[in-house]
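Inspection log for the structure reproduced underneath, given as structure tokens.
Numbering (our numbering), first residue to last: 1 to 272.
Below, the structure is given as structure tokens:
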């Protein structure tokens with residue numbers, strides 16, 4: 001199954017995406033959205049696994065990867081870009097998988113276009129919802145970018161790659177994705193992504209199935225605490241990915257892939 005690289009000329013910039021279209025016209029579509037300072041290659045182990053049975057789309061979120069430069073970044077605009085991609089490919093319904101920051105465009109899309117979502121997997125991300133975040137939480141989000149400026153370029157990349165990974169693969173992949181970015185671009189992405197989340201966060205409700213996946217060694221911010229609160233508030237199942245940090249789909253792709261596949265098939269669990 002070959003992967004085709006495409007691009008859409010949007011009002012605010014050119015958006016790049018990759019599609020592996022399954023020859024079965026009834027095959028479901030999975031759309032993967034990557035995390036902050038990353039790009040579509042973050043899901044290479046998922047694309048390889050799922051493309052034989054599903055149509056698979058990955059993309060470079062605006063301001064990231066090849067989707068740079070991009071003006072007027074917002075999660076509302078990322079949701080609109082996602083819809084444009086699906087419309088361009090004539091895809092009626094989609095399974096969303098959002099990793100870390102990628103959970104925000106996914107949730108925004110699901111909020112705006114709920115009838116286009118079959119189900120959603122939230123991977124090491126945090127919820128939309130005003131109840132989850134204190135004023136202190138939101139204040140700290142705004143400090144991430146300013147704190148990053150105190151690091152040297154080398155230290156910033158090293159600390160980011162090490163903090164999200166438990167395996168050599170994830171560490172090297174994160175370094176690889178950071179490599180094309182200047183320190184200034186990394187800081188800009190942090191500043192805009194976290195700043196926009198604080199402004200665009202809202203209470204949401206989803207009627208389709210949602211699965212929460214979390215690396216059991218994820219120590220990024222308060223991601224673990226937020227996921228526990230999210231699962232308690234909504235009743236969404238929360239499954240821990242074994243021996244995995246924040247980049248859990250790189251640290252333990254075998255379990256993540258099985259979790260996603262069994263969720264799509266409507267199975268509650270599986271034997272690891």
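For each residue, glycine too, the CB sits at the ideal point set by N, CA and C.
These numbers come from a predicted model, not from an experiment.
Contact fails between the region 18 to 33 and the region 155 to 170, because fewer than three Cβ pairs, one in each stretch, are under 8 Å apart. Here DSSP, grouped into helix, strand and coil, assigns residue 21 to coil. Residue range 253 to 264 is occupied by the alpha helix (DSSP H) that includes residue 260.
Distance between residue 11 and residue 79, taken at the CA atoms: about 14 Å.
With 16 or more neighbouring CB atoms inside 10 Å of its own CB, residue 157 falls in the buried class. In the DSSP assignment, residue 10 falls outside any alpha helix (DSSP H) and within the unbroken beta strand (DSSP E) covering 4 to 10. Note on geometry: alpha-carbon atoms of residue 203 and residue 265 lie some 28 Å from one another. The three-state secondary structure of residue 130, taken from DSSP, is helix. Per the C-alpha coordinates, the member of 58, 93, 221 and 101 positioned closest to residue 75 is 101.
In its chain, beyond the 5 residues on either side, 16, 39, 40, 66 and 67 have a beta carbon closer than 6 Å to the beta carbon of residue 60. Beta-bridge annotation (DSSP): residue 57 is paired with 19 and 31. Here the region 85 to 93 does not lie against the region 214 to 224, with fewer than 3 beta-carbon pairs under 8 Å apart. Judged by their CB atoms, residue 193 and residue 36 are nearer to each other than the 8 Å cut-off.
Of all alpha-carbon atoms in 153, 118 and 69, the one lying nearest the alpha-carbon of residue 27 is that of 118. Excluding residues up to 5 positions away in sequence, 216, 252, 255 and 272 lie with their Cβ nearer than 8 Å to the Cβ of residue 242 in the same chain. For residue 68, the three-state secondary structure derived from DSSP is coil.
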